[in-house]
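Residue numbers (our numbering): 1 to 146.
The beta carbon of each residue, even a glycine, is placed where N, CA and C say it ideally should be.
For reference, the structure is listed below as structure tokens.
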């Protein structure tokens with residue numbers, strides 16, 4: 001990817017299925033809104049600050065991915081979120097503005113026959129609880145004005 005060559009700080013590129021002019025993004029509304037809800041919960045819980053955590057287009061430089069995949073994943077259904085959480089726990093990758101870049105994909109189409117069952121959503125919820133227990137939640141602080 002060109003972004004890796006133009007910015008040496010970028011270690012991870014994540015695709016985003018955001019519907020912009022000039023993009024051909026075809027998604028099932030229910031899955032889109034469930035994905036948005038999921039992403040909001042992940043952001044509030046883990047501070048991911050990523051628009052589309054569930055987009056399958058993810059690219060990593062191998063040197064940062066190697067320490068992250070050494071141990072088995074706790075999550076089976078949302079392991080891609082666990083990858084990002086693990087990366088955030090690496091001491092040299094604390095600030096996502098430097099190493100993570102999200103880019104809108106030009107085209108996305110749901111493939112006929114791929115559907116998420118109710119059990120998949122339930123399993124994802126339980127995986128979420130596992131990740132909260134393992135990695136904790138982001139602690140927010142309220143700053144006083146003035």
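Per DSSP, reduced to three states, the secondary structure at residue 87 is helical. Taking residue 26 as the centre and dropping the five residues before and after it, the same chain places the C-beta of 108, 109 and 110 closer than 8 angstroms to its C-beta, in chain order. Here residue 133 is exposed: its Cβ has fewer than 16 other Cβ atoms, across all protein chains shown, within 10 Å.
Taking a 10 Å sphere around the C-beta of residue 82, we find 16 or more other C-beta atoms and assign the residue as buried. Residue 22 and residue 78 have their alpha carbons spaced roughly 30 angstroms apart.
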